[in-house]
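Which chain is which? The protein sequence lines are A and B, in order.
Following the working numbering, the numbering of the first sequence begins with 171 at its first residue and continues without gaps.
Following the working numbering, the numbering of the second sequence begins with 171 at its first residue and continues without gaps.
Ideal Cβ placement from N, Cα and C applies to all residues, glycine included.
2 protein chains.
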Amino acid sequence: MAGIQSFFEYVDRKDNQDRFVEHLSQWVAVKSVSASREDRGKCFEMMNLVRDEMVKLGIDVELCDNPDKYQTFEDSEEPVPLPPIILGKLGGDLNKKTICVYGHLDVQPAEITDGWDTEPFVLQEIDGKLYGRGSTDDKGPVLCWLEMIHSFQTLKMDLPVNLKFCFEGMEESGSEGLETLIELRRDTFFKDVDYVCISDNYWLGKKTPCLTYGLRGCLYFHAEIKCAKNDLHSGIYGGQVHEGMVDLVHLWSKLIDQKHHCLVPGFYDDVEPLGDGETDIYDRIDFDVNDFKKDIKVNRLIGEVEGDNIKSKRNILMNRWRYPTLSLHGIHGAYDGDRSKTVIPGTITGHFSCRIVPNQNVEDIEKKVMDYCYQVHRESGSPNKLTMRNDTGGIWWKGDYEDNNFKAGANAMFKVFGKQPDLTREGGSIPVTLALQQATGKSVMLLPVGACDDGAHSQNEKFNRLNFINGVRYFS
Amino acid sequence: MAGIQSFFEYVDRKDNQDRFVEHLSQWVAVKSVSASREDRGKCFEMMNLVRDEMVKLGIDVELCDNPDKYQTFEDSEEPVPLPPIILGKLGGDLNKKTICVYGHLDVQPAEITDGWDTEPFVLQEIDGKLYGRGSTDDKGPVLCWLEMIHSFQTLKMDLPVNLKFCFEGMEESGSEGLETLIELRRDTFFKDVDYVCISDNYWLGKKTPCLTYGLRGCLYFHAEIKCAKNDLHSGIYGGQVHEGMVDLVHLWSKLIDQKHHCLVPGFYDDVEPLGDGETDIYDRIDFDVNDFKKDIKVNRLIGEVEGDNIKSKRNILMNRWRYPTLSLHGIHGAYDGDRSKTVIPGTITGHFSCRIVPNQNVEDIEKKVMDYCYQVHRESGSPNKLTMRNDTGGIWWKGDYEDNNFKAGANAMFKVFGKQPDLTREGGSIPVTLALQQATGKSVMLLPVGACDDGAHSQNEKFNRLNFINGVRYFS
Chain A
171 MAGIQSFFEY
181 VDRKDNQDRF
191 VEHLSQWVAV
201 KSVSASREDR
211 GKCFEMMNLV
221 RDEMVKLGID
231 VELCDNPDKY
241 QTFEDSEEPV
251 PLPPIILGKL
261 GGDLNKKTIC
271 VYGHLDVQPA
281 EITDGWDTEP
291 FVLQEIDGKL
301 YGRGSTDDKG
311 PVLCWLEMIH
321 SFQTLKMDLP
331 VNLKFCFEGM
341 EESGSEGLET
351 LIELRRDTFF
361 KDVDYVCISD
371 NYWLGKKTPC
381 LTYGLRGCLY
391 FHAEIKCAKN
401 DLHSGIYGGQ
411 VHEGMVDLVH
421 LWSKLIDQKH
431 HCLVPGFYDD
441 VEPLGDGETD
451 IYDRIDFDVN
461 DFKKDIKVNR
471 LIGEVEGDNI
481 KSKRNILMNR
491 WRYPTLSLHG
501 IHGAYDGDRS
511 KTVIPGTITG
521 HFSCRIVPNQ
531 NVEDIEKKVM
541 DYCYQVHRES
551 GSPNKLTMRN
561 DTGGIWWKGD
571 YEDNNFKAGA
581 NAMFKVFGKQ
591 PDLTREGGSI
601 PVTLALQQAT
611 GKSVMLLPVG
621 ACDDGAHSQN
631 EKFNRLNFIN
641 GVRYFS
Chain B
171 MAGIQSFFEY
181 VDRKDNQDRF
191 VEHLSQWVAV
201 KSVSASREDR
211 GKCFEMMNLV
221 RDEMVKLGID
231 VELCDNPDKY
241 QTFEDSEEPV
251 PLPPIILGKL
261 GGDLNKKTIC
271 VYGHLDVQPA
281 EITDGWDTEP
291 FVLQEIDGKL
301 YGRGSTDDKG
311 PVLCWLEMIH
321 SFQTLKMDLP
331 VNLKFCFEGM
341 EESGSEGLET
351 LIELRRDTFF
361 KDVDYVCISD
371 NYWLGKKTPC
381 LTYGLRGCLY
391 FHAEIKCAKN
401 DLHSGIYGGQ
411 VHEGMVDLVH
421 LWSKLIDQKH
431 HCLVPGFYDD
441 VEPLGDGETD
451 IYDRIDFDVN
461 DFKKDIKVNR
471 LIGEVEGDNI
481 KSKRNILMNR
491 WRYPTLSLHG
501 IHGAYDGDRS
511 KTVIPGTITG
521 HFSCRIVPNQ
531 NVEDIEKKVM
541 DYCYQVHRES
551 GSPNKLTMRN
561 DTGGIWWKGD
571 YEDNNFKAGA
581 NAMFKVFGKQ
591 PDLTREGGSI
601 PVTLALQQAT
611 GKSVMLLPVG
621 ACDDGAHSQN
631 EKFNRLNFIN
641 GVRYFS
């Protein structure tokens, strides 16, 4: 039986890599946008495609009906079926540990008119970067697991662990049905899982691999303000009608100040105090503030201290991982074009969300935000009706990075990249993390495959080829 | 030759009215949205259609190439041809006065998903109301002129005036090319015009006809804020990046307060002071505040005084006609859907506009608004770049409602409706008014045909059938 060295030789070969890329381009071509009613068929197609490929690899696959069955979009009451969830199993050796791998096969919306340089659903390689929607979030990482198995099989190598798979098609739209299924299968499929591994996040930089032991939670809010039955012409009605846009702007201006400090009373009360020596953790991490700024082209970051790279790095990482924040995403119902439309929107909905951290309580923050919004609006004296809605995107999570799961992850990273991974947290939420931890009672580790500049959810999302030159592996 | 009584009998007949409605439905079916690149062909089709119909009526028509020739949309540099402008002439009797009539044949954008109850480009009659985009703005009114001529001709009646027509296809998109053409034909086509009549506005209510002698101007502003190269995931970047949305919200909150008072320093400096007895003008006008509120379903209007209908009416009419205001229209580049997208938009453009009044100066207000925006943004300490753009939608205008043009208009209204029209102003701008006044040096009168609740620029735009029962004409 070939050793791990043969495996590396095999997957580093250009002809094999080209095959992996071609495989990814087939997956990217399936426009499995879970947020769009029109693309729901493509979500089903994607799940079926991967199911078939897994069967070919000898994986024992069950395509589970989504337990939530249907979903309704806001534009119509017509229900839309939810895509199935894949549960798979490979190997049942009682002497081996069983790792459960999670991934998702749906993607964020993307149109070339959003500002992409290439067609989002046509994978295109430029200088070793593979551009396409879903390339890094999360089709690329899922494909890595399947191609790893295929390579082991080709080389007739034995897998050192049993594998279980849980792949869903609704991650970008609230993972509908997933937690119910995990709960339903807690005592069957998930019962004998020893460790959980999730590949759905990113390295902090581009050079040092990472293992991730913490996530912020996400609470999403919708503030609907109705000022008139229909949209109104600002020439006729301007100056007479209390505009919903004015209400929303003042509400938002009282939610967050210009230094991005959240103004909701008590918002920061339960944030874990900075521990003794905690700042050392951040100081050790490989993170270049200037490189980070250059990638996303921002002039100055929040917490940046001019001329003090150490302090800047520390503040920026803490703002990303261990402090909560509030973001304003946009407005539904207002004019969104790029011309000069003179409309007073009749009903608008302002979308914003909070990232929450240990030890903030979901219900407490939701109540504080909602109550405060109603209070601010009431005190504004506006005659318009405000209606708040909210949905929970996910609770924060913090794991133990000293357990065996993380040790094995660190060993693997060292074997591939020749250096110890940084132990990081993520600013975003991955709700399934907590669900899988609770269902299995076991350690969950996030093992990111993509780089910091992959642009998940953005225009020009990409996934890197991994180069192996002079004994070192690095991203293109 | 038949007298005016025969004319009324003819146009009040149901079979003839049905024919007029059928005619309007043909015009509404042509989706001549001037703001959309895709519909530009339909704008040309509409101009050609009306040209052909005018020729059939014996009008001497010239389809003038648009002097500005091409337009570029922001999404591409590919130029799009501008629709032609119709100039027409009927009658050249030197013993008659010559009236020049203006109208436009393009319409605002409309999709049934905007919240229409019926297909916007399929005219549908419900309870005597004719729903469809352009029905009242401005296809219906233009069609009235042509059907009037056709009725006179059918009845072999002689028109008491010579008529000239100026119909354009770009009114909803800045009337591109129109002012140039008017200027070019100032000493030829427009030379012998005695009076100008424009039918492109609305009655103040639903029962009393109006003649309009004043308009507010419109200055449109675009505030572009760039915080990052691309859209960013708020999970990864929230709390690190100064969000453009936060900058825009704070900028807007400092432009207009919650009482809808514009905070730009000096904005109100040149507003004409309230004249002696000026409030009497407003008190005499037939305007029901509660009816008005019910139509658009607003809870309370700006300036409304509880329990004092006279004061409320006065304040509301003054806010609409003689005071300036500022409206927030929406944001380009932010999330505009109705779900929970966790995006930090990379570049956003906030759209807002000011309605200006006598004696505010266009350049002065533009400069005050632009300077103030830059100052507020600079003082906010944001690292993001603000770029202001603006376009002039039109200057304010005030005519003399005691001249012969208005006397003739009042006589005509009295003949049709049996009562004197109210003399009103409009809150919106109609830039061609000033252009035609300047080119001809003659009196311009606005003669509205539509009712206050027609919903120009809104969902469910409609035009009323005119009923004649028991000697009284009224809207359905």
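Asked, Found
"Closer than 9 Å at the beta carbon, the chain A residues around glycine 597(B)", "His403, Ser404, Gly405, Ile406, Tyr407, Gly408, Gly409 and Gln410"
"Lysine 239(A) versus asparagine 479(B): straight-line alpha-carbon distance, rounded", "55 Å"
"Own chain partners of serine 404(A) with C-beta closer than 8 Å, once the 5 adjacent residues on each side are dropped", "Thr512, Val513 and Ile514"
"Residue-level contact to chain A via CB, histidine 123(B), 9 Å cutoff", "Because residue 123(B) is not part of the residues shown, which for chain B are 171 to 646, the question remains open."
"9 Å Cβ cutoff, methionine 171(A) in contact with chain B", "In this prediction, methionine 171(A) scores a pLDDT of 48, lower than 50, which makes its location untrustworthy; no coordinate-derived value is stated."
"Cutoff 8 Å; reference glutamate 281(A); Cβ partners in own chain excluding five residues on either side", "Pro290"
"DSSP-derived helix/strand/coil call for threonine 378(B)", "coil"
"Cross-chain neighbours of threonine 519(A) in chain B, by beta carbon under 8 Å", "Asp508"
"Local Cβ density within 10 Å of glycine 302(B), reported as buried at 16 or more and exposed below that", "buried"
"Continuous beta strand (DSSP E) stretch holding glutamate 691(A): start and end", "The requested residue 691(A) is not part of the displayed model; chain A covers only 171 to 646."
"Below-9 Å beta-carbon distance, valine 441(A) vs any chain B residue", "no"
"Rounded separation between alanine 626(A) and aspartate 276(A) - CA only", "12 Å"
"Tyrosine 365(B) beta carbon less than 9 Å from that of glycine 569(B)", "no"
"Where phenylalanine 522(A) falls: helix, strand or coil (DSSP)", "strand"
"Selection of the region 421–449 of chain B by Cβ proximity to chain A, strictly under 7 Å", "Trp422, Ser423, Ile426, Gln428 and His430"
"The region 584–597 of chain B in contact with the region 489–498 of chain B per 3-pair CB rule at 8 Å", "yes"
"Beta strand (DSSP E) segment containing lysine 585(B), residue limits", "Run containing lysine 585(B): none in the beta strand (DSSP E); it sits in the alpha helix (DSSP H), 574–587."
"Under 9 Å from the C-beta of cysteine 543(B): neighbouring residues of chain A", "In chain order: nothing, as chain A lies at least about 14 Å away."
"Beta-carbon proximity of histidine 547(B) to aspartate 456(B), cut-off 9 Å", "no"
"Pick from Pro330(A), Lys483(A) and Pro253(A) that is closest to asparagine 265(A), judged by C-alpha positions", "Pro330(A)"
"Listed by chain order, chain B residues near cysteine 397(A) by CB distance under 8 Å", "Val468"
"Cβ-Cβ distance between serine 497(A) and leucine 389(A) below 9 Å", "no"
"Rounded C-alpha distance that separates leucine 647(A) from methionine 340(A)", "Residue 647(A) falls outside the range modelled here, since chain A spans only 171 to 646, and no answer is possible."
"Whole-angstrom distance between leucine 219(A) and glycine 273(A), CA atom to CA atom", "15 Å"
"Among Lys589(A), Ile486(A), Ile451(A) and Val411(A), nearest to asparagine 469(B) - alpha-carbon criterion", "Val411(A)"
"Local conformation of cysteine 543(A) per DSSP, three classes", "helix"
"Alpha-carbon spacing of alanine 398(A) relative to methionine 415(B), whole angstroms", "25 Å"
"Serine 345(B) beta carbon less than 9 Å from that of glutamate 353(B)", "no"
"With 16 other Cβ atoms within 10 Å as the buried cut-off, status of glycine 228(B)", "exposed"
"As assigned by DSSP and simplified to three states, the class of alanine 393(A)", "strand"
"Cβ shell of isoleucine 654(A) (< 8 Å), same chain only, five flanking positions each side left out", "The question about residue 654(A) has no answer here: the residues shown for chain A are numbered 171 through 646."
"Amino acids of chain A, ordered along the chain, whose beta-carbon sits closer than 8 Å to that of aspartate 561(B)", "Ser510"
"Among Ser599(A), Gly588(A), Asp623(A) and Lys226(A), the one whose alpha carbon lies nearest that of phenylalanine 638(A)", "Gly588(A)"
"Sequence-distant residues of its chain with Cβ nearer than 7 Å to asparagine 554(A) (five each side left out)", "Ile395, Lys396, Cys397, His412, Gly414 and Asp417"
"Spatial neighbours of valine 459(A) in its chain, beta-carbon cut-off 8 Å, leaving aside the 5 residues before and after", "Leu471, Glu474, Asn479, Ser482, Lys483 and Ile486"
"DSSP beta-bridge partners of arginine 559(B)", "His392(B)"
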